[in-house]
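Asker: In terms of my numbering, the sequence shown opens at residue 335 and continues consecutively.
Please find one structure pasted underneath; my questions will follow.
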Amino acid sequence: MEILRGGGVVGLPTETVYGLAGDAFNPMAVARIFEAKGRPLSDPLIVHLPEAGWLDRVALVTSGNQRKLVEQLAAAFWPGPLTLLLPKRPDLPDLVTAGSDRVAVRVTSHPLFQEVLHRLGSPLAAPSANRFGRISPTSARDVQIELGEKISLILDGGTCLHGMESTLVSLEGTPEKPVFSILRPGPITKDQLLQFGHVHVAERIVNAPGSLPGHYAPKKRLHILDSDMNQVPHGAKVGLLAFTTAFQEKHQEYAAIEVLSPSIDLREAAANFYGALRRLDLSNVDLIVAQSVPEEGLGIAIMDRLRRASYGSLHGTGHQISESIIP
Ligand code: TXA
Ligand code: MG
335 MEILRGGGVV
345 GLPTETVYGL
355 AGDAFNPMAV
365 ARIFEAKGRP
375 LSDPLIVHLP
385 EAGWLDRVAL
395 VTSGNQRKLV
405 EQLAAAFWPG
415 PLTLLLPKRP
425 DLPDLVTAGS
435 DRVAVRVTSH
445 PLFQEVLHRL
455 GSPLAAPSAN
465 RFGRISPTSA
475 RDVQIELGEK
485 ISLILDGGTC
495 LHGMESTLVS
505 LEGTPEKPVF
515 SILRPGPITK
525 DQLLQFGHVH
535 VAERIVNAPG
545 SLPGHYAPKK
555 RLHILDSDMN
565 QVPHGAKVGL
575 LAFTTAFQEK
585 HQEYAAIEVL
595 SPSIDLREAA
605 ANFYGALRRL
615 DLSNVDLIVA
625 QSVPEEGLGI
635 AIMDRLRRAS
645 YGSLHGTGHQ
655 ISESIIP
């Protein structure tokens, strides 16, 4: 607690991924978050609350109908993996929202994070606790690997339940006819939001503010396989990120295999996704290939992360896949 009160930053577990948290109302703490991650100041941070009752500390929801809508969403999804973009209170430091007049807010369900919030008595700004653009951490050990040199404390709350970042939703339309725009797919799915209004899903790999196409990236090259999976390059040591065990007859072609969900369950696959990707990245393979997952429910979030993670490999912003091994 002294670290946070003194404007320091701490690695904390949430139900989605681990966050790197600092007092949202202390600009020094917020600046330290950006610095530790190597994150551009133009990319805003999510503010975390322990309960919806704290909303007015960071957001200005003045119209009665808008309030009613937010209360409905809060009752349905909070605490939980839904982040709402709402009008920002002017006294929340601009650094948190990168100058935007909207703040991204969520109420985390992780008991450890909630306890820290209550004891500190202030909302915490927290991005995922990885270096900018890299694989998100789903265990305390992952945070240690990503940021261990930069931060002095990581609280270990076990492995994250969802393993995928919260669904980021902007409220558009009118409170009478709400339109939810999903800026980042996540554990709260389009279908779950449909009962409260229209849902618009942002184009794949768009350059929405802070939503960069190349993200969540391993250091190794990553390539997404077509459904026939007949494209394993010869000569290279290849790691397979598999959705299920259906590929088993070909397993000798791979130097390493990670199976996301033996029971073919997208929630299980999401929970295992970043950990499996990180293990392959740390293994001795030259290249990672990933099986696609069905694009429904949480599969939409998984494919969003996979496409972003492979973006650098395809577009030369990270590692380049040479012609000889592009199938
Ligand atoms: O599950 C999660 O949301 C995790 C845990 C730690 O809470 N947090 C997380 O934060 O994923 P981060 O910073 O890695 O991703 C937040 C995304 C970024 O794409 C950021 O640009 C966007 O949300 N965002 C945050 N505040 C915003 C704002 N005011 N306007 C538009 N986009 C915003
Ligand atoms: Mg992140």
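We put the beta carbon where it would ideally sit given N, CA and C, even for glycine.
(1) If we ignore side chains and look at the alpha-carbon of each, how far apart do Gly-342 and Val-593 end up?
(2) Please identify the residue among Ser-597, Asp-599, Leu-600, Ala-551 whose C-alpha is closest to the C-alpha of Leu-614.
(3) Which two residues bound the contiguous beta strand (DSSP E) that contains Pro-512?
(4) To the nearest angstrom, report how far apart Asn-502 and Leu-416 are at their CA atoms.
(5) Report the partner residues of Asp-357 according to the DSSP bridge assignment.
(6) Which of helix, strand or coil does DSSP assign to Val-535?
(7) From Glu-369 to Ala-408, what does the alpha carbon distance come to, in whole angstroms?
(8) Pull up the distance between the alpha-carbon of Pro-413 and that of Ala-570, whole angstroms please.
(9) Would you tell me roughly how many angstroms separate the C-alpha atoms of Asp-390 and Gln-478, rounded to the nearest one?
(10) Could you tell me the alpha carbon to alpha carbon distance between Ala-610 and Pro-378, rounded to whole angstroms?
(11) Please confirm whether Ser-498 and Leu-632 have their CB atoms less than 8 Å apart.
(12) Quick one: using the 10 Å Cβ neighbour count with 16 as the cut-off for buried, is Asp-525 buried or exposed?
(13) Buried or exposed for Glu-480, going by 16 or more other Cβ atoms inside 10 Å?
(14) Label Gly-544 either buried or exposed according to how many other C-beta atoms from any shown protein chain fall within 10 Å of its C-beta, with 16 as the threshold for buried.
Answerer: In short:
(1) Your numbering for residue 342 matches position 8 in the sequence shown. Your numbering for residue 593 matches position 259 in the sequence shown. Cα atoms of Gly-342 and Val-593: separation of roughly 38 Å, rounded to the nearest angstrom.
(2) As a working note, residue 614 is residue 280 in the sequence shown. Shortest Cα-Cα distance from Leu-614 to any of Ser-597, Asp-599, Leu-600, Ala-551 involves Ala-551.
(3) Start at 1 with the first residue of the sequence shown, and residue 512 comes out as number 178. In this chain, the beta strand (DSSP E) harbouring Pro-512 covers 512-518.
(4) One-based indexing of the sequence shown puts residue 502 at position 168. One-based indexing of the sequence shown puts residue 416 at position 82. Per the sequence shown, the amino acid found at residue 502 is Leu instead of Asn. Looking at the backbone, the Cα of Leu-502 and that of Leu-416 are separated by about 6 Å.
(5) Taking the first residue of the sequence shown as 1, we reach residue 357 at position 23. Asp-357 pairs with Leu-458.
(6) Translated into positions along the sequence shown, residue 535 becomes position 201. Strand, per DSSP.
(7) On the sequence shown, residue 369 is found 35 positions in, with the first residue counted as 1. On the sequence shown, residue 408 is found 74 positions in, with the first residue counted as 1. Each residue's Cα considered, the two are about 32 Å apart.
(8) Here residue 413 corresponds to residue number 79 of the sequence shown, with the count starting at 1. Here residue 570 corresponds to residue number 236 of the sequence shown, with the count starting at 1. The alpha-carbon atoms of Pro-413 and Ala-570 are separated by roughly 45 Å.
(9) Taking the first residue of the sequence shown as position 1, residue 390 is located at position 56. Taking the first residue of the sequence shown as position 1, residue 478 is located at position 144. Whole-angstrom Cα-Cα distance: 34 Å.
(10) Along the sequence shown, one-based indexing puts residue 610 at 276. Along the sequence shown, one-based indexing puts residue 378 at 44. Take the alpha-carbon of Ala-610 and the one of Pro-378: they are about 27 Å apart.
(11) By 1-based counting over the sequence shown, the position of residue 498 is 164. By 1-based counting over the sequence shown, the position of residue 632 is 298. The sequence shown places Met at residue 498, rather than the Ser named in the question. Yes, Cβ-Cβ distance for Met-498 and Leu-632 is below 8 Å.
(12) In the sequence shown, residue 525 corresponds to position 191, counting from 1. Label assigned to Asp-525: exposed.
(13) Taking the sequence shown and counting its residues from 1, the one referred to as residue 480 is at position 146. By the neighbour-count rule (16 or more Cβ atoms within 10 Å), Glu-480 is buried.
(14) As a first step, residue 544 must be located in the sequence shown, where it is residue number 210. Residue confidence for Gly-544 is low, a pLDDT of 49 falling below 50, so the modelled location carries little weight and cannot support an answer.
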